[in-house]
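Those sequence lines, one after another, are chains A and B. Counting from 1, position 161 in the first sequence corresponds to residue 161 in my numbering; the numbering is continuous, with no gaps. Going from the second sequence to my numbering is simple: count from 1 and add 1000. For each residue, glycine too, the CB sits at the ideal point set by N, CA and C. Source: prediction; values computed, not measured.
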Amino acid sequence: MIAIVDYGAGNLNSVKNAFDYLGAEVVVTAQPEQVATADKIVLPGVGHFSAMGGLDNTGLRDVVLQGARAGKPFLGICLGMQWLFEGSDEAPELAGAGIFAGRCRPFPSSVKSPHVGWNSLAVREGSRLLRNVASESFVYYTHSFQAPVVAATTAASEYGTQFSAAVEQDNIFGVQFHPEKSWTVGLLILKNFCEVH
Amino acid sequence: MLTKRIIACLDVDDGRVVKGVQFLNLRDAGDPAECAAAHARDGADEIVLLDITATSNKRQTMLGVVSRTARGLFIPFTVGGGIRELSDAEAVFDAGADKIAINSAAVKDSRLIGKIAARFGSQAVVVSIDARRVNGGFEVFVAGGRIPTGRDALQWAREAAACGAGEIMLTSMDRDGTKSGFDCELVQMVADAVSIPVIASGGAGSARDFIEVFQSGRADAALAASIFHFGIENIAQLKRELHAAHVPVRWPC
């Protein structure tokens, strides 16, 4: 069972819809117990980084982190990926999980923000999440802050600067783009997540 | 590289697509879910479903359509038409939309933009602006283009962005339905004035029109309702032409 964590931010239908399409057993839940007993955890998120505060207020933060530390496959999407870093300048008072070093920052002023639309991926070899995803594949983004390229970065995109499109370390995965809205490329990535053990 | 988006718009009346589908080779040409899926397969980057149902008592039909369309659509999906308050937006999001488009209701009370953005994020709020050339400027019209507001389109676009809109969908009423090309002057003016993406709409007649609105109009995306009505076989063909003209597009998909 895959638990999609509902901490009160935004619309989780699309993510569930994509997993349903792939035939995955999936539940959208705000119950810490249900997250604790799930085999895999998906942490979605759109909008403002302050929404991640919903995790702290609901007691979900600890159970999500425990699951991730215990080796459960974990996928953070958009803000859910940003949360894996130390924090974001968008809501400096909120601590991220700190699994990856660095903070999320705004795009340089040379480009329009938010970054909305389909951008290409420069994929690094060896990623389990991005297995069979060709470099230069297009994925859909909508975000105003970006995570730095770090050792765990498995794909980068370019928009005024190079930023982390995907990160991966053991059982922890994150994507800045929206796989549930990235057509066949996105479905392949979610399928890969379903098949990770 | 960030690409320019091609958005297919389906006008829906009482649960049926009412234009832009004559050339689609579909079993049921008027079904929004099938049309949306066909456009996605053809290379559309995004789908907009616009409810043009005149009577409000048919909202339930629309929510069913949104839900059926969303289920098999793995590209961004925007729904507009008849959204007057937060609860209308909530119902449309619950049915599966990724973004909502608001027009008249936002002009009436711009706080609606912020209310929806606070709940669902700015990325989910598209403010749709219908503008017409009046006395050397561009005036905002509402109620499907029937009522002039006396407001300047550029100022309204800036205000909408400041209120928390994630994108501006800008329709030239002068060009809408004419197939004489987008109003690049209008698009460029607004695109340069706001930091959020601008979707150009109204007037698409050829691949050349799309190339122009991306290059000289500086649009971030371009939308067409009757995209199959102007001699371009389909979106795939349009994207090949854009690609050949060095406009960055998601191609091959």
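With residue i and residue j assumed to form a contact (beta carbons below 8 Å), what rounded beta-carbon distance in angstroms separates them?
| i | j | result |
| --- | --- | --- |
| A/Q146 | A/F107 | 6 Å |
| B/F1074 | A/G186 | 6 Å |
| B/A1095 | B/S1128 | At roughly 19 Å, the Cβ-Cβ gap does not stay under 8 Å, so B/A1095 and B/S1128 are not in contact. |
| B/P1197 | B/M1001 | Incorrect: roughly 15 Å between the Cβ atoms, too far for contact. |
| B/D1098 | A/S14 | 6 Å |
| B/F1182 | B/G1217 | 6 Å |
| A/A9 | A/G59 | About 15 Å; that fails the 8 Å criterion. |
Check whether chain B comes within 8 Å of residue i, counting only Cβ atoms and requiring the distance to be less than that.
| i | result |
| --- | --- |
| A/K191 | no |
| A/A18 | yes |
| A/N171 | no |
| A/D6 | no |
| A/V46 | yes |
| A/N11 | yes |
| A/P106 | no |
| A/L188 | no |
| A/N132 | no |
| A/T161 | no |
| A/K181 | yes |
| A/W83 | no |
Would you say residue i and residue j are within 8 Å of each other, going by their C-beta atoms?
| i | j | result |
| --- | --- | --- |
| A/E168 | A/R128 | yes |
| B/D1130 | B/G1081 | no |
| B/A1040 | B/I1047 | yes |
| A/S118 | A/F100 | A quick correction: the sequence has Trp, not Ser, at residue 118 of chain A. Against a cut-off of 8 Å, the Cβ pair of A/F100 and A/W118 comes out as no contact. |
| A/L84 | A/V133 | no |
| B/V1018 | B/P1032 | no |
| A/F177 | A/Y141 | yes |
| B/G1205 | B/K1179 | yes |
| A/L121 | A/S157 | yes |
| B/M1169 | B/I1199 | yes |
| A/K40 | A/I2 | yes |
| A/D6 | A/T37 | no |
Give the secondary structure of residue i by DSSP, where H, G and I count as helix, E and B as strand, and everything else as coil.
| i | result |
| --- | --- |
| A/T37 | helix |
| B/F1120 | helix |
| A/F193 | helix |
| A/L78 | Inspection of the sequence shows that residue 78 of chain A is occupied by Cys rather than by Leu. Of the three classes helix, strand and coil, the one that applies to A/C78 here is coil, per DSSP. |
| B/W1156 | helix |
| B/V1021 | Low per-residue confidence applies at B/V1021: pLDDT is 38, beneath 50, and the placement is therefore not dependable, though the value from the model is reported in the following sentence. If DSSP states are grouped into helix, strand and coil, B/V1021 belongs with coil. |
| B/H1039 | helix |
| A/P179 | helix |
| B/R1027 | For B/R1027, the predicted structure reports a pLDDT of 40, less than 50, and the residue's modelled location is therefore unreliable. A value from the coordinates is still provided. It is coil, neither helix nor strand. |
| B/A1091 | helix |
| B/T1149 | strand |
| A/Y141 | strand |
| B/D1051 | strand |
| B/R1005 | strand |
| A/F163 | strand |
| B/E1034 | helix |
| B/I1083 | coil |
| A/T58 | coil |
| B/L1010 | strand |
| A/Q31 | coil |
| B/D1098 | coil |
| A/L188 | helix |
| A/Q22 | Note on residue identity: the sequence assigns Leu, not Gln, to residue 22 of chain A. Coil, per DSSP. |
| B/S1110 | coil |
For chain A, check one thing: does any of its Cβ atoms lie closer than 8 Å to the Cβ of residue i?
| i | result |
| --- | --- |
| B/R1016 | no |
| B/A1224 | no |
| B/L1170 | no |
| B/E1034 | no |
| B/G1220 | Reading off the sequence, residue 1220 of chain B comes out as Asp, not Gly. For B/D1220, the answer is yes, since a Cβ of chain A falls inside 8 Å of its Cβ. |
| B/T1271 | No answer is possible for residue 1271 of chain B: it lies beyond the span of chain B, which begins at 1001 and ends at 1253. |
| B/Q1188 | no |
Uninterrupted beta strand (DSSP E) stretches inside the stretch 1163 to 1242 of chain B (no shorter than 3 residues): 1167 to 1172, 1198 to 1201 and 1221 to 1224
Within the stretch 74 to 126 of chain A, ranges of the beta strand (DSSP E) (whole runs, at least 3 residues): 74 to 77, 103 to 106 and 115 to 120
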